[in-house]
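What follows is a set of notes on a single structure, which appears directly below.
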Amino acid sequence: MTASAVPSPPPGTGLDASAPRTFPPDENAYDRRRLRQWITGDATAGGVSRRRLLTLLAATTAATALPGAGPARAADPTIVKPLPPEWFVRRGTNAETRWEALRGTGHHTPNELFFVRNHTATPVLDAHDWRLRLWGSGLRGAPGEDRPLEFGYNDLRALPAVTRTVAVECAGNGRGHYTGQQGETVSGTAWGLGAIGVARWRGVRLADVLRRAGLSSSAVDVQPRGLDAEYVSGGESLGRVRRPLPLAKALDDVLLAYEMNGEPVPYDHGYPVRVLVPSWVGIASIKWVGDIEVSARPLFSPWNTAFYRLFGPAHPPEGSAPLTRQTLKSAFELASGATFPAGERQVLHGRSWSGAGAVARVDVSTDGGASWRPARLHDDGRAGTWTRWSLPWTPGAPGPAQLLARATDTAGRRQPDIAVPNTQGYLFDAVVRHPVTVVRAARSTPAGEETP
41 MTASAVPSPP PGTGLDASAP RTFPPDENAY DRRRLRQWIT GDATAGGVSR
91 RRLLTLLAAT TAATALPGAG PARAADPTIV KPLPPEWFVR RGTNAETRWE
141 ALRGTGHHTP NELFFVRNHT ATPVLDAHDW RLRLWGSGLR GAPGEDRPLE
191 FGYNDLRALP AVTRTVAVEC AGNGRGHYTG QQGETVSGTA WGLGAIGVAR
241 WRGVRLADVL RRAGLSSSAV DVQPRGLDAE YVSGGESLGR VRRPLPLAKA
291 LDDVLLAYEM NGEPVPYDHG YPVRVLVPSW VGIASIKWVG DIEVSARPLF
341 SPWNTAFYRL FGPAHPPEGS APLTRQTLKS AFELASGATF PAGERQVLHG
391 RSWSGAGAVA RVDVSTDGGA SWRPARLHDD GRAGTWTRWS LPWTPGAPGP
441 AQLLARATDT AGRRQPDIAV PNTQGYLFDA VVRHPVTVVR AARSTPAGEE
491 TP
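Counting in this note's numbering, the sequence shown runs from 41 upward without gaps.
The structure is reproduced here in structure tokens:
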């Protein structure tokens, strides 16, 4: 069925009378309920056997390093855009933005500087041939995967558009500091703090598309799936990357984005269309979205059972609920080990962000945490994005020093000194100790004295 055949909602409501009403999402209740349903087996797992998911779960619980992805049937190399080393640290199929490269770039991360997180490799797709297919028991008539309702690229662009400034951040951002700063052993890509970017996204509300597709009152979960290559673990394909959303979240603020900073979304960031889930871990914002299952039953995938949950001594034996909102972090727009001349006034710059609300305050220490001063905030506090800040500093005696930044958000959370560890290194939120070196200032030559 093509998009032109998709029934329009009744005038005045924008929604089928039998469809569920929209309420603010109660994410904590959803997480607890889905965790119970996963444990009892009362859920649909999209073609991956429960036995296989339990095997993956056992590996992650024991902090066993999971096998890497198999060969990707996609672009070669795995990332399309140039990755100059002064901008990026290459990490396998991923690329981390260097924080010093963001200095002076403004609030929005330029597309060419935006980090890349790929499970396999970037597919090069054609918008003319692309279709978004919606199917499942949560739509009127329960269309099957073999007879979906379809929207083309131009069909989406013809719908009412919205523009939002939103951060996308990998759930493992900061993972390397679990080991480097806290001495913990964790698995996964050892990101610094550069697995985040903020862009101005333009697209259509997922709620509008779901309503046009015929959302029914029985719908509970919505699962977007990407068009990148299947992910292989332990010699077994887990299928293409996918992760369910609660219906309330899908109807709240989720976008199907086709523009990024005023340009078509680049290949590496989801061209032609990607999902954008504000304030949630990046895995929820599926790139290269190709189909969306709308289900009347709870949905599970490896990306909210074996992956993207918290395991370890500080967490329940069965693991935490699937991860949703991001944590609180701060970073300096500086290279690690940057040098400063003693006695010369400097201005330190950085950014802080939170998944639970806007940043309300940032305090900075230039003496390893012995004392703190409030930074000047340069952006109005807004949820879903970062706040830029600055602080003047005159370095003292030559030698090593540590800079620290600690944010507080409008939800009352403040960055801790130590992050609670988990085996896969997700949601690092501790204050990061940024090493720098103070060096002797160059001696000026007095008037009339010759330089040797």
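Backbone N, C-alpha and C fix where the C-beta goes; we use that ideal spot for every residue, glycine too.
{"Item": "Is it buried or exposed, T203, if we count other Cβ atoms within 10 angstroms and call 16 or more buried?", "Value": "exposed"}
{"Item": "Using C-beta distances below 6 Å, list every residue in its chain close to S177, excluding the 5 sequence neighbours before and after it, in chain order.", "Value": "S335, A336"}
{"Item": "For N213, is the classification buried or exposed, using 16 other Cβ atoms within 10 angstroms of its Cβ as the cut-off for buried?", "Value": "buried"}
{"Item": "Kindly indicate which three-state DSSP category T149 falls into: helix, strand or coil?", "Value": "coil"}
{"Item": "Using C-beta distances below 6 Å, list every residue in its chain close to T104, excluding the 5 sequence neighbours before and after it, in chain order.", "Value": "Any reading at T104 needs caution, since the residue's pLDDT is 39, under 50, leaving its predicted position unreliable; the model's value is listed next. Excluding positions up to five away in sequence, the list is empty."}
{"Item": "Give the secondary structure of R385 by DSSP, where H, G and I count as helix, E and B as strand, and everything else as coil.", "Value": "coil"}
{"Item": "Where D261 and L285 are concerned, what is the direct C-alpha to C-alpha distance, given to the nearest angstrom?", "Value": "6 Å"}
{"Item": "With a threshold of 8 Å, are at least 3 pairs of Cβ atoms found where one atom belongs to the stretch 345-357 and the other to the stretch 379-398?", "Value": "no"}
{"Item": "For D248, which of helix, strand or coil comes out of DSSP?", "Value": "helix"}
{"Item": "If you draw a straight line from the C-alpha of V206 to the C-alpha of R171, how long is it?", "Value": "25 Å"}
{"Item": "Can at least three beta-carbon pairs, one atom from the stretch 391-407 and one from the stretch 439-446, be found at a separation below 8 Å?", "Value": "yes"}
{"Item": "Compute the Euclidean distance between the alpha carbons of V329 and S411, then round it to the nearest angstrom.", "Value": "48 Å"}
{"Item": "Compute the Euclidean distance between the alpha carbons of A112 and D268, then round it to the nearest angstrom.", "Value": "Any reading at A112 must be qualified, since the residue scores a pLDDT of 33, below 50, and its modelled position is unreliable; the value itself is stated next. Rounded to whole angstroms, A112 to D268 spans 8 Å at the Cα level."}
{"Item": "For A482, is the classification buried or exposed, using 16 other Cβ atoms within 10 angstroms of its Cβ as the cut-off for buried?", "Value": "exposed"}
{"Item": "Excluding five sequence neighbours on each side, which residues of the same chain lie with their C-beta closer than 7 Å to the C-beta of G424?", "Value": "V206, A207, P318, S319"}
{"Item": "Report all residues from its chain with a CB closer than 6 Å to the CB of R454; omit the five preceding and five following residues, and keep chain order.", "Value": "T448"}
{"Item": "For N134, name the three-state secondary structure that DSSP assigns.", "Value": "strand"}
{"Item": "Please classify N462: is it buried, with 16 or more other beta-carbons within 10 angstroms of its beta-carbon, or exposed?", "Value": "buried"}
{"Item": "Cutting at 6 Å between CB atoms, please list the residues of its own chain near R433, excluding the five before and the five after it.", "Value": "With the sequence shown as reference, residue 433 is identified as Trp, and Arg is not the correct amino acid for it. Same-chain partners within the cutoff: Q386, L388, T406."}
{"Item": "Tell me where the alpha helix (DSSP H) around Y218 begins and ends.", "Value": "215-220"}
{"Item": "Quick one: Cα of W426 to Cα of P342, how far?", "Value": "30 Å"}
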